[in-house]
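The structure under discussion appears below in the form of structure tokens.
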């Protein structure tokens, strides 16, 4: 049985636009106490969309935290109070790529950084796509590209996919495709 | 060419033990400005260690941010000022599992959450293991288990690996094994 930390007190340090930061005082093993710094995040969605020709829409976006343009799968945050991540996935796919999809399959939901963040990403496979116009958030500058899966797998093999969520979701799609083709 | 945001001003909101939080005012497209909330994190390491019998050491640890015990690969933060992640990987593998490894291979380095965190995880394959005693941090309660890769892949297929870093690294190891066996 792994020791479970209990909250003794909790201090909200910052309430922001995309995250809050709080500091919890907790029980740790041997009757000691410690502190945990926790980023509260509403969570988000991540989409592996597959067009009729097998190509996958990818986006390039400058990410201030990394100080570089990151090559990613389409993704986005849940709206405040949003309880159905599939609704968010449909919205974000359309906003970032213009596509709508007739077939949606939940692949996995995972935490991005269990050490300090509550953020969970709900990952979907979107198929049977119909193209349309994009509808970016006014503060987002996003380039859209369509990629052959094999070219993405080669990037992975060369260590060139450096966005963790994109790496996990593309690899999951890759192993599913391999399993289906056996 | 994707628009790159420039920093107009930067405010440090919180300096903590494992992270800092700052708020940057940035240029966005169409000559507008916006704010980016950024978690500064020293980054860390993540280890897929493979014993002589093929088994992979996994750990279970209560993660306050998720309010549950998470099943993960061995991992840890870089020490302040630490520049060689391989040194950190060797330390963390030994602390959490007791193992030392004679063969180390860098697999990939990736960001855990590009939307708001500077955290990068350097991921290694560790082979030719020698068992030894664990040396946990005094505030960590960690259970160690040895797992057959196939059993881990089945957990992935059932959506039961919910730690993003573990999902990405195990899937990367899985695809490499598949490639090697072809």
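Protein chains in written order, with the numbering used here: chain A, 991 to 1172; chain B, 991 to 1172. Quick reminder that beta carbons are idealized off the backbone N, C-alpha and C, glycines included. A quick note: this is a predicted structure, and the numbers were derived from the prediction, not measured.
Query: Where the alpha helix (DSSP H) containing residue 1075/A begins and where it ends; Result: 1075-1087
Query: Cβ contact check for the stretch 1152-1164 of chain A and the stretch 1057-1077 of chain A: 3 or more pairs under 8 Å; Result: yes
Query: Spatial neighbours of residue 1108/B in its chain, beta-carbon cut-off 6 Å, leaving aside the 5 residues before and after; Result: 1030 and 1031
Query: Boundaries (first-last residue) of the alpha helix (DSSP H) holding residue 1141/B; Result: 1139-1147
Query: Simplified DSSP state of residue 1091/B, which is helix, strand or coil; Result: strand
Query: Helix, strand or coil at residue 1054/A according to DSSP, with G and I counted as helix; Result: coil
Query: Residue 1125/B beta carbon less than 9 Å from that of residue 1066/B; Result: no
Query: Simplified DSSP state of residue 1102/B, which is helix, strand or coil; Result: coil
Query: Range covered by the beta strand (DSSP E) that runs through residue 1027/A; Result: 1022-1030
Query: Cut-off 6 Å between Cβ atoms - residues of its own chain near residue 1157/A, not counting five sequence neighbours on either side; Result: 1151
Query: Residue 1098/A beta carbon less than 9 Å from that of residue 1159/A; Result: yes
Query: Residue 1020/B and residue 1001/B closer than 9 Å at C-beta; Result: no
Query: Residues sharing a beta bridge with residue 997/B, DSSP; Result: 1016/B
Query: Cα-Cα separation, residue 1143/A to residue 1111/B; Result: 20 Å
Query: Spatially closest choice to residue 1009/A from 1049/A, 992/A, 1096/A and 1070/A, by CA coordinates; Result: 1070/A
Query: Stretch pair the stretch 1080-1096 of chain B + the stretch 1037-1044 of chain A: three plus CB contacts closer than 8 Å; Result: no
Query: Within 9 Å, strictly: CB atoms of residue 964/A and residue 1068/A; Result: Any answer about residue 964/A is impossible in this case: the structure gives chain A only from 991 up to 1172.
Query: Chain A contact residues for residue 1109/B, given Cβ-Cβ distances below 7 Å; Result: 1103
Query: DSSP three-state assignment for residue 1042/B, whether helix, strand or coil; Result: coil
Query: CB contact check: residue 1063/A to chain B, cutoff 9 Å; Result: no
Query: Under 7 Å from the C-beta of residue 1051/B: neighbouring residues of chain A; Result: 992
Query: Beta-carbon spacing of residue 1162/B, residue 1047/B below 9 Å; Result: no
Query: Interface residues of chain B facing residue 1153/A [CB-CB closer than 8 Å]; Result: 1100, 1101 and 1104
Query: Separation of residue 1164/B from residue 1094/A, as counted between CA atoms; Result: 25 Å
Query: Where the stretch 1110-1123 of chain A meets chain B: residues whose CB sits under 9 Å from a CB there; Result: 1110 and 1111
Query: Within chain B, partners of residue 1158/A - CB distance below 7 Å; Result: 1154, 1157, 1158 and 1161
Query: Unbroken beta strand (DSSP E) run spanning residue 939/B, endpoints; Result: Missing from the structure shown is residue 939/B; chain B here goes from 991 to 1172 and no further.
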